[in-house]
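Since the structure comes first, as C-alpha cells, the remarks are kept for the end.
Residue numbers (the UniProt record's numbering), protein chains in the order written: chain A, 1 to 567; chain B, 1 to 567.
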C-alpha cells in the first residue's frame, strides 16, 4: 500500500537527523560537564552547587509541543527515559523500564481477559520458510518488501534462507491444519507475546513505526463466520478498553475499507485514535476476520457437524496490539514539561518530596520532619498507592519537581514544616497543574480519589478534543480546509479503492499554507486516507440517494467513512 | 568448545530421524482413522464404538523409558502436547499451551523475586552489529559459529549484515557505557524475557538444545567485585529454587571450571542436574560474574567514590535461565505412561472424572449423579485448586484415565455411585499410582495436602536418585565403571583445562559395553567432562598433598570437581 507520508519523506529524514544531532550534542556536552540530560534519578549533576536554575533548563524539553511537535515527541520519549535510540542499527529502539512497566500493565490486563475467553498461550519460532509464506498470495505481496532474510549461519550459507516473521499467519497455520481434525477441536484460540520485524524503508519513529516491535498476536479458528465475527468484535472491544480505560485515550471503533484491510484477510476492524497536535488520525489496533482464505490455502478443514461427510474450511481471525499504543498515549497527553502519565498505568502514581528543609533548621527538627515524611510514605504504600519518595541530597525541590514532571508522575505531594504545622500535605496535579492541600487524616482516600479524577479528566479532555475535530462534511470544498484546521472528516463515500486513491491525490498538496508533518517540518500537505467506516454511523446518509463526496466519483455513497491525514 | 556428544552424532541423527518417521507414520494413520494420537481433549476418536482398548494403546507412549530413553522423551513431549516439531526449519520447536503454562509460572515466580531485588525490565533489539560483537574477543569466538546473519531486507542486500542475538552482552553494553556516569547510577540491574538464536550444528532436542529458545537474561553492573559476587549467588539461589521448589528437581550448586566458563566472563556459577535414566549430568542454569572484561571493552567506568579523579571499570554480571528447565523436569519425572507434573507447576492439578455412569442407570439417577460431580468440581475450584472435570461423552473412563496420565495431571479424582453412597471421592496419584478415598467433607483440605505430598515426594525421589549416583572417587580405575553404572563422579582435580581435555579422552570409548546415548542408540561411550566444582566440598582433599586423579597428570588437586557424561 502506498502511503501519503512518502511525500514528506526527505524533509522528514532531515528533521529526524537534525533532532538526533541536537540530542547527541546536548548529551555530549552534558556528559563532559557531568550534568544530567536524561534527568537520571541518581545523576551526578543538577546540584545546587552548579546553580539550580541552569540545570533546570537543561533537563527539560527544549522545544514546545506546539512549535515543533516531532522534535518535542522525540525529546520526551528520550528524556523521560522511555526509549533509547539503538545507534548500532537504524530503525530500532531500546525499550527502557519506564516503557516496560506500561507494556506489562497492558499485557496483564489483556491476558487476564483473553484467558477468561479461553485463549491459550503459545510460542512459535521466529522464522518462516519461503514455502509457507508463499501459500497466500496477497499476504506474501503485502509483507515481502519488508522481510529480513537470514541467509547465513556462522560462515555457512543456508540452503534455504529463512525470514524473520513480520506476523505469524504463515508460521502457525500449517499446524492449525495438523491440530484441527474435527469440529470438536474448534474454536482453537492461541495467542503469543513476541516481537516481529518489518524492515521499513519509511521513516521510523519511536513506538509508532519501528523495524522491530513488541506485540501480541492472536490466531483463532472457528466453525462459522458468525462465531468468528463475534470474537473479532469482542477482541476489538478489549483493544478499545486498553486505550480508553488504561491509557485515557479515546478511540473510534470501525471497519477498514477494502483498500486498507489486512493483506489476505476478509475484513479488518480497527480502533482509530487522533493526535490533536497535528490533526492526524492513527490506527490503534486491528482485529481481523481472515474468512476462509487462509484455511483454504493451508488446508484447514473439518467435517461439517450438520452435514456428515462434507468438509468445510474453518473461519479464522487474527488480532494484534503493539507497543504503538504507548506512543499514542505520549503524543496525546504530554506537554511542554514532558510526559504526562495516566495514573492507572504509571509505575509511580505519586511522588512525595520534602520541602522547606533549610540550612537554618536544627538537625533535630530536620530529623523529626524527615521521620514524618517517612511515615507519610509508608501510609501511602500500605494503602496500595504506587508511591516513591525523593530524598536525594543536594538537589533543590524545584529541580526535583521538574525531574518528576518530565517523567510524567501524575501527582506530586509536597511536605514542608508549614504543611506539618497545619497537618496537611500539599499537592500538584501533573495534568492540570492544579494545586491544593489534603488533611493528613484523609491522605490515602483523597490521594486515591485524586488519581481517579486525574485519570478521568485526562480521558475527558482527550475525548473532547477528538469529538471537536471529527467533522461530518457533506460539501467537498470544506474538506481540505477542515484537514488544514487539524480535523479528521467523516464523509459519505462509495468505499471503492480507486476512489480512495483519487481522494488522496485530490487532497494532497493543495492548501496554500503547507501543513505540519509529524516530523515537524513544513512540507507539501499530505493527502487524506480512509481511517475507518465507523460502527457508529451519523444520521443523514440515504442509501441509493446520497452520492459519494468525491467530486470525481459518480457512484452512490455506501456509508459514512472517516478520512484524515494519518500516521 | 568441543563436545563429547559429537562422537555419537551420526548415530543420534539416525535415531532422531527414525523416531520422527515413526511418529509421523502413527500420526498419519491416526488422521486417516480419525483416531487421536495426541490424546487431544476433543479429538474425534477413542470412542467406545471404536473399541476402547485399541484406542488406549494408540494414545499411549510406545516405548519404555528404560528401553529407549531418547524415543520415550520425544514421544512424551509430543503426545503430552508440550511441543510440536517445526518441520519447516529443522532445529526449531513450537511451544504449546501446556509448556507455556509452566514457563509462565516460572517467569512469575522469578520476576517477583528479582523485582524485589531492584532489577528492572527492559527490551533491547534482537539484532546486533558486527562491530559491537567484535569488542570482546573470547566472546565473539564463543558465539560466532552459531550466529544467524540477516543479509537482506526485502530484495535488497543490507550494507552491514546484522546477527540475531545469541545473548545480549554486545547488544546492551554500549548503552551501559552511556547510562552509567557516576557510582550513583550503580547498581544498574536490567533483565529481559525474550528468545535468542544459536544455530547449532549439533543434534537438537526439544527444550534441551534448540536453535531458538526462550529465556531471561539479566545484565547488571556494580561498583565492586564483592557486590557483583553477592548478586551472582543470590540469583543462583533463585535458579536452584525454580528447580527444587517448583519443578521438584534437585540440583548441585557450584562453579564452572575455567574450561567450561562463559566466553569472555570472569567466573561462572551453575546449578547442575542429573538424569537418572542415562546417568548424565545436565547444566541447569548459569549465573556469571563477567568481572571487568566487558566494562573495559565497552568503556563502562565511573569515578571512584573513595578516590576522587580516579576512574574505575564497573563489575558486571549476566545470568540466564531458559526453557531447558522444562526438559529436565520431563526427563526426571516422566514414566512409561507419559508426563508426570509436579503440582506447583501443573495447569490442571486434579482432574475429576465421573465413573460408573452406566447405560443401566435411569436418566434421573444419571442427572443427579452428574449434578453432584458438578458440585464437587466447584467446591475444588472455589478452594483455589486448579481442577478440571472430564465430562466428555462417548469415552470410557479407562480411556480418560490414560489421557490424563499421558498429560501428567498429578491427581485423578474419580466419583461413581459407589463413592456417592459412601460420601467419598476416590483418588489415584499420578506419581506413585497410589489409590485411596477421601471423605467429601474433607475434600478440599485433603486434596491440597495430597498435592503438597506429591510435590515433596517427587522431589525426594529425585533427590535420592541423584544422591545415590553422585559418587566420590579417589581411584582412577573406578571412574569408567562408575560412569557406566550411570553415575556422575566427584574427583580430586587440578582444574587445568588441558587436563580436563585429556580426562575426556581417557574416559571416552573405553568400556567394553557401549553406553546408551541420549538418543537411545548404542554408540561408543562418551567421555566425561567437568560439570562443576561443587560449593559443598566433600572432606578428604588435603591441599598441597592430594594429587589430581588423572593418571597422566602430575599436578596437585585444587578441589573436588564433579565430572560426568553430560548433555
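The C-beta atom is built at its ideal place from N, Cα and C for all residues, glycine as well.
Within its chain, find whatever has a CB closer than 7 angstroms to the CB of residue i; leave out the 5 residues flanking it on each side and keep chain order.
| i | result |
| --- | --- |
| residue 90(B) | none |
| residue 48(A) | Any reading at residue 48(A) must be qualified, since the residue scores a pLDDT of 36, below 50, and its modelled position is unreliable; the value itself is stated next. Same-chain partners within the cutoff: 394, 396. |
| residue 56(A) | Its pLDDT being 42, under 50, residue 56(A) is placed unreliably by the model, and the measurement read from it follows with that caveat. Counting only Cβ-Cβ distances below 7 angstroms, and skipping sequence neighbours, we find 398, 399, 402. |
| residue 240(A) | 251, 253, 271 |
| residue 101(B) | 347 |
How close, in whole Å, do the beta carbons of residue i and residue j come, if the pair is a contact with beta carbons under 8 angstroms?
| i | j | result |
| --- | --- | --- |
| residue 252(B) | residue 272(B) | 5 angstroms |
| residue 323(B) | residue 311(B) | Residue 323(B) to residue 311(B), Cβ: 40 angstroms. No contact. |
| residue 320(A) | residue 142(A) | Rounded, the Cβ-Cβ distance is 14 angstroms, inconsistent with contact. |
| residue 183(B) | residue 305(B) | 5 angstroms |
| residue 567(B) | residue 208(B) | 6 angstroms |
| residue 369(B) | residue 417(B) | 6 angstroms |
| residue 110(B) | residue 275(B) | Not a contact, Cβ separation roughly 23 angstroms. |
| residue 443(B) | residue 387(B) | Contact flag wrong, Cβ pair sits at about 11 angstroms. |
| residue 193(A) | residue 148(A) | Going by Cβ atoms, the distance from residue 193(A) to residue 148(A) rounds to 20 angstroms, so no, they are not a contact pair. |
| residue 294(A) | residue 136(A) | 6 angstroms |
Would a C-beta distance cut-off of 8 angstroms place residue i and residue j closer than the cut-off?
| i | j | result |
| --- | --- | --- |
| residue 94(B) | residue 93(A) | no |
| residue 126(B) | residue 212(A) | yes |
| residue 296(B) | residue 278(B) | no |
| residue 132(A) | residue 171(A) | yes |
| residue 380(B) | residue 325(B) | no |
| residue 413(B) | residue 427(B) | yes |
| residue 120(B) | residue 189(B) | yes |
| residue 340(A) | residue 431(A) | yes |
| residue 215(B) | residue 196(B) | yes |
| residue 574(A) | residue 424(A) | Summary: the structure shown does not reach residue 574(A), with chain A confined to residues 1 through 567, and so no result is reported for it. |
| residue 455(A) | residue 342(A) | yes |
Across which residues does DSSP place residue i in a beta bridge pair?
| i | result |
| --- | --- |
| residue 338(B) | 335(B) |
| residue 499(B) | Its beta-bridge partners do not exist; DSSP assigns none. |
| residue 560(A) | 492(A) |
| residue 553(A) | According to DSSP, which records beta bridges pairwise, residue 553(A) is partnered with nothing at all. |
| residue 548(A) | Answer by DSSP bridge pairing: none, since residue 548(A) is not bridged. |
| residue 388(A) | 351(A) |
| residue 157(B) | 152(B) |
| residue 446(A) | Residue 446(A) pairs with nothing; no bridge assigned. |
| residue 589(B) | Limits of chain B in this structure are 1 at one end and 567 at the other, which puts residue 589(B) out of reach. |
| residue 282(A) | 273(A) |
| residue 221(A) | 188(A), 316(A) |
| residue 429(B) | 411(B) |
| residue 435(A) | 428(A) |
Excluding five sequence neighbours on each side, which residues of the same chain lie with their C-beta closer than 6 angstroms to the C-beta of residue i?
| i | result |
| --- | --- |
| residue 564(A) | 281, 488, 528, 531 |
| residue 268(B) | 256, 261, 262, 286, 288 |
| residue 337(B) | 405 |
| residue 446(B) | 438 |
| residue 356(B) | 416, 417 |
| residue 515(A) | Caution is warranted here: a pLDDT of 47 is assigned to residue 515(A), below 50, making its placement in the model unreliable, and no coordinate value can be reported. |
With a threshold of 8 angstroms on Cβ separation, who are the neighbours of residue i within its own chain once the five nearest residues in sequence on each side are excluded?
| i | result |
| --- | --- |
| residue 559(A) | 492, 493, 495, 533, 537, 541 |
| residue 550(A) | 476, 493, 494, 499, 502, 503, 506 |
| residue 157(B) | 151 |
| residue 224(B) | 315 |
| residue 555(B) | 494, 496, 499, 547, 548 |
| residue 118(B) | 187, 189 |
| residue 579(A) | With chain A represented from 1 up to 567, any question about residue 579(A) goes unanswered, as that position is not in the structure. |
Does the beta carbon of residue i fall short of 7 angstroms from some heavy atom of the ligand ATP?
| i | result |
| --- | --- |
| residue 81(B) | Absence of the ligand ATP from the depicted structure is noted, as is the absence of any ligand whatsoever, leaving it without description. |
Practice item. May I ask you to list, following chain order, the residues of the segment 64-95 of chain A that have a beta carbon less than 7 angstroms from some beta carbon of chain B? Key: Within the segment 64-95 of chain A, the residues whose Cβ lies closer than 7 angstroms to any Cβ of chain B are, in chain order, 84, 86, 88, 89, 92, 94, 95.
**Study point:** Residues from the segment 117-129 of chain A in contact with chain B, defined by Cβ distance under 8 angstroms
**Key:** Identification of residues in the segment 117-129 of chain A having a C-beta nearer than 8 angstroms to some C-beta of chain B yields 120, 121, 122, 123, 124, 125, 126, 127, 128, 129, given in sequence order.
Check your understanding: What residues in the segment 298-316 of chain B have a beta carbon less than 8 angstroms from any beta carbon of chain A?
Key -> Against chain A - using a Cβ distance shorter than 8 angstroms - the segment 298-316 of chain B contributes no residues.
Check your understanding: Using a beta-carbon distance cut-off of less than 9 angstroms, what residues from the segment 131-153 of chain B approach chain A?
Key -> Under the 9 angstroms Cβ criterion, the segment 131-153 of chain B contributes 131, 132, 144, 145, 146, 147, 148, 149, 150, 151, 152, 153.
Point to revise | Where the segment 180-212 of chain A meets chain B: residues whose CB sits under 7 angstroms from a CB there | key: Residues passing the 7 angstroms Cβ filter: 181, 182, 184, 185, 195, 199, 212.
Check your understanding: Which residues, in order along the segment 458-471 of chain A, keep a beta-carbon less than 9 angstroms from a beta-carbon of chain B?
Key -> So the list is empty, because no residue satisfies the distance condition.
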